[in-house]
Amino acid sequence: MKKSVIAALAVMVLLGGAAYASFFVAPTERTMGTVQRIFYLHMPSAITAFAAFLVCFVANLLYVLKREQSWDWLGVSAAEVGLAFVSVVLVTGPIWAKPVWGIWWTWDARLTSTFVLWLLYVAYLLLRSMIEDPERRALLSAVFGIFAFLDVPLVYMSIRWWRTQHPQPVIFGGPGSGLAPAMWRVDLLSWVALMSLMALLVRYRYELEALRGKVDALRLVVSEREPREAEAQ
Amino acid sequence: MALLQNAGVLLEKELRAELRSRELVTTTVVFILMVVVLFSFTFDPTSVESRRFGPGMLWLAFLFAASLMLQPCFLREQVNDTLSALRLSVGDPFAILLAKVCANTLFLLLTELLLLPIFAVLYNVAIRDILPSLALVFFAGSVGVCVTGTAISAISAQARMRELLLPLLLLPLLTPVLIASTEATAALLAEDHVLRWDWLGFLLAFDVIFLTALWLFGEYLLEE
Amino acid sequence: MKNLGSVFAAYLLGWGIFFVYFVSVGRRMASLRDDVERLKKLVGRDK
């Protein structure tokens, strides 16, 4: 069997195990009840998304410094995969909020900053689609990616100060909050599963970008050899 | 020091060009005025209401105006193909960016200055006593808008659909500026006229962070 | 087991997003592979 198939199977087993654990192993939360089990998908996805954007930021920095195509490929792959994870966070959040708070969406600090984060990286991908020349695209989007990542903590802080009257974080802040040890273990398992899924998807997406680089190079060869034919395409 | 000298010369050039045509400031003032008037139809513009919504509306108008005002910033250079000449004659490319940041900040501050009395009259808010603090907030906020805005303008000028792309890239980046300046302005316009040092400090921190980022990475935006 | 439906919906949607993304990358990859083949033929023929 190919290595990639084995890796994909392993990730699927991990994900299945995490889902099983969050449905059957984790104890039912006292106040929120069953619906709290969404947490084991929601919160690890958020952390994984941040990890992906961190990878994107580092790749952007390295591209600017070293100018090697592969860093650009890694940057766009991590950004796109991170965006998929943020989308999961944004979708599962309201499903959780509706039965607990009675509303789909609240302009609370974390929800709102996650939404801005989503917008920032959508803008990053849009920018990439608007520049033809691969080198210019790589350089400009890398600088924008750096700016966007620097903006993330500022966005979070400003929205948090702005909405201090809202419910404090249930998980981390304040006495009496926090998770039971069994819950932490399930959460950790879920996080490991999602991180490996992220790594797998980034690798897969990277291959796509590498292939695109190959196509660009071939196009160049063809257009140099026979300009008329290239124009016809 | 050579950096500041170069930037000074370039700034003078930008200001002279604007002084000759006055296009940028005039159109921006009219644009903001239009937004303010149109906004007044969406809520009851009495004094209490305007204290609540006024600051946010004003800063939103500034942000949108800036995203229009910053369009020609690098486009003009591109059309006339002057950017490469500039880069050849100026040793540090950051001087070019710094001059543009300063010029844009001055233009934005000028439009804000022109609009403030009109806004105060239209919405019946007293601003005489809080003018120095208000100037401080406006300055810190406008610098933040123009530092990021100039960088984004350099990026979007090199892409397709640049007119749409600039606000699309800039506005999410400016979320912290919008929140902080709106809160600071709102606190100043409230009954007890407090200057919120925490928000002002936050704005200044934003300015410093992105000015540093522009200093470190800005030169890559001007590469041929 | 109140609200179990919500939990299922969340997991289904979440995994759905990952799956759709995975498939979309695969499809983009397939179309690029076709491009590579075609371009290679073009390059080979001209030699």
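These protein sequence lines are chains Y, W and U, in that order.
In terms of the working numbering, the first sequence has 113 at position 92, counting the first letter as 1, and numbering is strictly consecutive.
In terms of the working numbering, the second sequence has 1468 at position 125, counting the first letter as 1, and numbering is strictly consecutive.
In terms of the working numbering, the third sequence has 897 at position 32, counting the first letter as 1, and numbering is strictly consecutive.
Quick reminder that beta carbons are idealized off the backbone N, C-alpha and C, glycines included.
Extent of the continuous alpha helix (DSSP H) to which residue i belongs
{"i": "E1566 of chain W", "result": "Unbroken run through E1566 of chain W: none, as it is neither H nor E."}
{"i": "P115 of chain Y", "result": "Q90 to W122"}
{"i": "Q1348 of chain W", "result": "A1345 to S1364"}
{"i": "F168 of chain Y", "result": "P155 to W183"}
{"i": "E1420 of chain W", "result": "Q1414 to N1423"}
{"i": "P1454 of chain W", "result": "Reading the sequence as shown, one finds Thr at residue 1454 of chain W and not Pro. P1436 to Y1466 is the span of the alpha helix (DSSP H), which, as asked, contains T1454 of chain W."}
{"i": "L1533 of chain W", "result": "A small fix is needed here, since residue 1533 of chain W is Ala in this sequence, not Leu. No alpha helix (DSSP H) holds A1533 of chain W; DSSP gives it neither H nor E."}
{"i": "W128 of chain Y", "result": "No alpha helix (DSSP H) contains W128 of chain Y, which DSSP labels as neither H nor E."}
{"i": "E1506 of chain W", "result": "R1505 to L1516"}
{"i": "S1499 of chain W", "result": "L1474 to S1499"}
{"i": "N868 of chain U", "result": "No alpha helix (DSSP H) holds N868 of chain U; DSSP gives it neither H nor E."}
{"i": "T69 of chain Y", "result": "F60 to K87"}
{"i": "K235 of chain Y", "result": "P202 to R246"}
{"i": "L35 of chain Y", "result": "K24 to Y41"}
Beta-carbon contacts of residue i that lie in its chain and below 6 Å, excluding the five residues immediately before and after
{"i": "L1559 of chain W", "result": "none"}
{"i": "F1481 of chain W", "result": "E1455"}
{"i": "L1418 of chain W", "result": "A1500"}
{"i": "L1401 of chain W", "result": "none"}
{"i": "F1374 of chain W", "result": "A1408"}
{"i": "L1538 of chain W", "result": "S1476"}
Pairwise C-alpha distance: residue j and residue i
{"i": "F168 of chain Y", "j": "L141 of chain Y", "result": "10 Å"}
{"i": "V1378 of chain W", "j": "G1484 of chain W", "result": "19 Å"}
{"i": "S1432 of chain W", "j": "E1355 of chain W", "result": "16 Å"}
{"i": "V1380 of chain W", "j": "G1544 of chain W", "result": "31 Å"}
{"i": "T1346 of chain W", "j": "R1394 of chain W", "result": "One detail in the question is off: residue 1346 of chain W reads as Leu in this sequence, not Thr. One C-alpha to the other measures close to 43 Å."}
{"i": "L74 of chain Y", "j": "G123 of chain Y", "result": "A small fix is needed here, since residue 74 of chain Y is Phe in this sequence, not Leu. Their backbone Cα atoms lie some 32 Å apart in a straight line."}
{"i": "W1540 of chain W", "j": "T1525 of chain W", "result": "13 Å"}
{"i": "F883 of chain U", "j": "L1459 of chain W", "result": "50 Å"}
{"i": "G38 of chain Y", "j": "F1549 of chain W", "result": "44 Å"}
{"i": "A1360 of chain W", "j": "L1429 of chain W", "result": "15 Å"}
{"i": "V1372 of chain W", "j": "L1451 of chain W", "result": "9 Å"}
{"i": "A220 of chain Y", "j": "F1386 of chain W", "result": "49 Å"}
{"i": "I1473 of chain W", "j": "H1536 of chain W", "result": "7 Å"}
{"i": "W183 of chain Y", "j": "P1519 of chain W", "result": "10 Å"}
{"i": "M894 of chain U", "j": "L229 of chain Y", "result": "5 Å"}
{"i": "L1511 of chain W", "j": "A47 of chain Y", "result": "42 Å"}
{"i": "H63 of chain Y", "j": "F1384 of chain W", "result": "41 Å"}
{"i": "R181 of chain Y", "j": "S889 of chain U", "result": "35 Å"}
{"i": "R246 of chain Y", "j": "M178 of chain Y", "result": "55 Å"}
{"i": "V32 of chain Y", "j": "A1478 of chain W", "result": "56 Å"}
Status (buried if at least 16 other CB within 10 Å, exposed otherwise) for residue i
{"i": "Q1348 of chain W", "result": "exposed"}
{"i": "M1412 of chain W", "result": "buried"}
{"i": "N1522 of chain W", "result": "Looking at the sequence shown, residue 1522 of chain W is not Asn but Ile. Buried."}
{"i": "N1447 of chain W", "result": "buried"}
{"i": "V176 of chain Y", "result": "buried"}
{"i": "L156 of chain Y", "result": "This sequence places Glu at residue 156 of chain Y; Leu is not what is there. Burial call: exposed."}
{"i": "W1542 of chain W", "result": "buried"}
{"i": "M1504 of chain W", "result": "exposed"}
{"i": "Y41 of chain Y", "result": "exposed"}
{"i": "G197 of chain Y", "result": "Residue placement at G197 of chain Y is flagged as unreliable, the pLDDT there being 44, under the threshold of 50; the coordinate-derived value follows with that caveat. Exposed."}
{"i": "S25 of chain Y", "result": "exposed"}
{"i": "D899 of chain U", "result": "exposed"}
{"i": "I192 of chain Y", "result": "Caution applies to I192 of chain Y, whose pLDDT of 47 falls short of 50 and renders its modelled position unreliable; the model cannot decide the point."}
{"i": "V1422 of chain W", "result": "exposed"}
{"i": "F45 of chain Y", "result": "exposed"}
{"i": "R226 of chain Y", "result": "buried"}
{"i": "R892 of chain U", "result": "exposed"}
{"i": "I59 of chain Y", "result": "buried"}
{"i": "V110 of chain Y", "result": "buried"}
Cut-off 8 Å between Cβ atoms - residues of its own chain near residue i, not counting five sequence neighbours on either side
{"i": "L161 of chain Y", "result": "L148 and I152"}
{"i": "V164 of chain Y", "result": "N81 and V85"}
{"i": "D172 of chain Y", "result": "L141"}
{"i": "L878 of chain U", "result": "none"}
{"i": "A1533 of chain W", "result": "R1394"}
Cβ-heavy atom distance, residue i to the ligand ATP, below 6 Å
{"i": "A99 of chain Y", "result": "The ligand content of the structure shown is nil, which means the ligand ATP is not present either."}
Chain-order list of residues whose beta-carbon lies under 7 Å from that of residue i (same chain, five-residue window excluded)
{"i": "L1406 of chain W", "result": "V1488, L1514, L1517 and L1521"}
{"i": "V137 of chain Y", "result": "V176"}
{"i": "V56 of chain Y", "result": "W117, P120 and V121"}
{"i": "V1490 of chain W", "result": "V1444, D1550, F1553, L1554 and L1557"}
{"i": "V1486 of chain W", "result": "T1448 and D1550"}
Beta-carbon neighbours of residue i, restricted to chain B and to distances below 8 Å
{"i": "F883 of chain U", "result": "Protein chains Y, W and U are contained in the structure displayed, whereas chain B is not."}
Check each residue of the stretch 1502-1533 of chain W: if its Cβ is closer than 7 Å to any Cβ of chain Y, include it; give the result in chain order. A1502, R1503, M1504, L1508, L1511, L1512, P1515, L1516, T1518, P1519, I1522, A1523 and E1526
Given a limit of 8 Å on CB to CB distance, which residues of the stretch 66-77 of chain Y reach chain W? none
Along the stretch 892-911 of chain U, what residues have a CB closer than 8 Å to any CB found in chain Y? R893, M894, L897, R898, D900, V901, L904, K905, L907, V908 and D911
Chain Y contacts from the stretch 1469-1503 of chain W (Cβ-Cβ distance under 9 Å): T1491, A1494, I1495, A1497, I1498, S1499, Q1501, A1502 and R1503
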